[in-house]
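Residue numbers (our numbering): 6 to 196.
For each residue, glycine too, the CB sits at the ideal point set by N, CA and C.
Model, not experiment: these values are computed from the prediction.
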Amino acid sequence: MPDKILNVASICGSLRKGSYNRMVMNALQGYVPDGMRIAEAPPFAGFPLYNADVQNSAGFPAPVHALAEAIRAADGVIFVSPEYNYSIPGGLKNAIDWVSRLSNQPFAGKPIAIQSATGGALGGGRMQYDLRRCMIFLDAFTMNRPEIFIGNCSQRIDEKTGQIKDEQTITFIKQQLAAFAKFIVQHGGKS
Ligand SMILES: Cc1cc2nc3c(=O)[nH]c(=O)nc-3n(C[C@H](O)[C@H](O)[C@H](O)COP(=O)(O)O)c2cc1C
Numbered sequence: 006m007p008d009k010i011l012n013v014a015s016i017c018g019s020l021r022k023g024s025y026n027r028m029v030m031n032a033l034q035g036y037v038p039d040g041m042r043i044a045e046a047p048p049f050a051g052f053p054l055y056n057a058d059v060q061n062s063a064g065f066p067a068p069v070h071a072l073a074e075a076i077r078a079a080d081g082v083i084f085v086s087p088e089y090n091y092s093i094p095g096g097l098k099n100a101i102d103w104v105s106r107l108s109n110q111p112f113a114g115k116p117i118a119i120q121s122a123t124g125g126a127l128g129g130g131r132m133q134y135d136l137r138r139c140m141i142f143l144d145a146f147t148m149n150r151p152e153i154f155i156g157n158c159s160q161r162i163d164e165k166t167g168q169i170k171d172e173q174t175i176t177f178i179k180q181q182l183a184a185f186a187k188f189i190v191q192h193g194g195k196s
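The structure is reproduced here in structure tokens:
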């Protein structure tokens with residue numbers, strides 16, 4: 006168990022109320038190793054579309070600062086996101102684009118873990134690789150393994166209770182979160 010609590014900010018890539026990814030994200034605290042706490046980062050749903058003219062005239066919207074500050078303050082960030090058209094959902098990409106333009110760019114040096122749940126059988130693998138590429142540019146440290154791809158998610162997650170009902174998925178998530186705790190300690194946590 007680490008000497009101090011590891012605070013992890015979670016970011017869900019889906020905006021819809023009945024999101025399976027949100028259900029997974031909300032369940033994560035039940036599967037953390039000792040000494041890890043996961044709390045959702047402030048929302049990005051209200052961000053305008055990124056436009057450098059807006060940034061240069063009105064400045065960064067307050068919700069962009071709020072998200073960035075939560076990322077900076079966290080020891081690590083976990084993304085839980087669907088795949089849209091083989092890539093990152095537009096709203097999530099827009100949020101990353103906004104915070105990436107701040108000075109003291111919040112993802113720099115930040116340990117990152119990724120999970121995805123999708124209706125498709127491959128579970129969002131292509132989204133994850135695109136997200137990894139963004140994180141490379143932003144100089145984050147994205148954990149390589151274990152990977153979490155929850156394919157055919159409607160069969161593994163109970164949409165009525167929001168609970169993950171597939172034991173193998175739960176085991177994989179516990180393994181990833183335990184590995185992420187070690188990864189955060191190795192990579193220095195907070196920047
Ligand atoms: C715009 C859009 C694009 C999608 N593209 C993919 C895709 O490329 N691969 C995939 O496995 N599922 C795709 N899906 C299906 C999603 O995986 C499925 O709707 C999933 O439940 C969305 O996540 P959520 O429940 O967290 O909102 C797409 C869904 C939408 C709305």
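Cβ shell of residue i (< 8 Å), same chain only, five flanking positions each side left out
i: R42; result: I10, L11, N12, V13 and Q34
i: H192; result: G114, P116 and F146
i: P68; result: P47, P48, F49, G51 and F52
Own chain, CB closer than 6 Å to residue i, minus 5 neighbours either side, in chain order
i: T147; result: I117, R137 and M140
i: I169; result: A32, I162 and I175
i: E45; result: S15
i: D135; result: S92 and I93
i: V29; result: V85 and A122
i: Q120; result: V85 and I153
C-alpha gap between residue i and residue j, whole angstroms
i: D80; j: N109; result: 15 Å
i: A50; j: C17; result: 10 Å
i: R77; j: I162; result: 31 Å
i: P94; j: S86; result: 8 Å
i: V59; j: M132; result: 28 Å
i: G96; j: H70; result: 16 Å
i: A184; j: F84; result: 15 Å
i: I155; j: Q180; result: 14 Å
i: G124; j: S159; result: 7 Å
i: P151; j: L54; result: 33 Å
i: G167; j: I101; result: 27 Å
i: A57; j: K187; result: 38 Å
i: G129; j: E88; result: 5 Å
Beta-bridge pairing of residue i - partner residues as DSSP gives them
i: E45; result: S15
i: T147; result: I117
i: A122; result: I155
i: A134; result: The question names Ala, but residue 134 in the sequence shown is Tyr. According to DSSP, Y134 bridges with nothing at all.
i: Y89; result: S92
i: I175; result: DSSP lists no partner for I175.
Spatial neighbours of residue i in its chain, beta-carbon cut-off 7 Å, leaving aside the 5 residues before and after
i: L143; result: S105, Q110, F112 and A113
i: I189; result: L11, D80, G81 and P116
i: A126; result: G156 and N157
i: R27; result: C17 and S19
Residue-level contact to chain B via CB, residue i, 8 Å cutoff
i: R77; result: Note that chain B does not occur in the displayed structure, where there is just one protein chain.
Residue i: CB within 7 Å of a non-hydrogen atom of ligand 1
i: E88; result: yes
i: R21; result: yes
i: A50; result: no
i: C158; result: yes
i: R138; result: no
i: S24; result: yes
For residue j and residue i, believed in contact at Cβ under 8 Å, the rounded distance
i: A73; j: L107; result: 5 Å
i: A75; j: P38; result: Contact flag wrong, Cβ pair sits at about 22 Å.
i: F65; j: N99; result: Between N99 and F65 the Cβ distance is about 13 Å, and since that is not below 8 Å, they are no contact.
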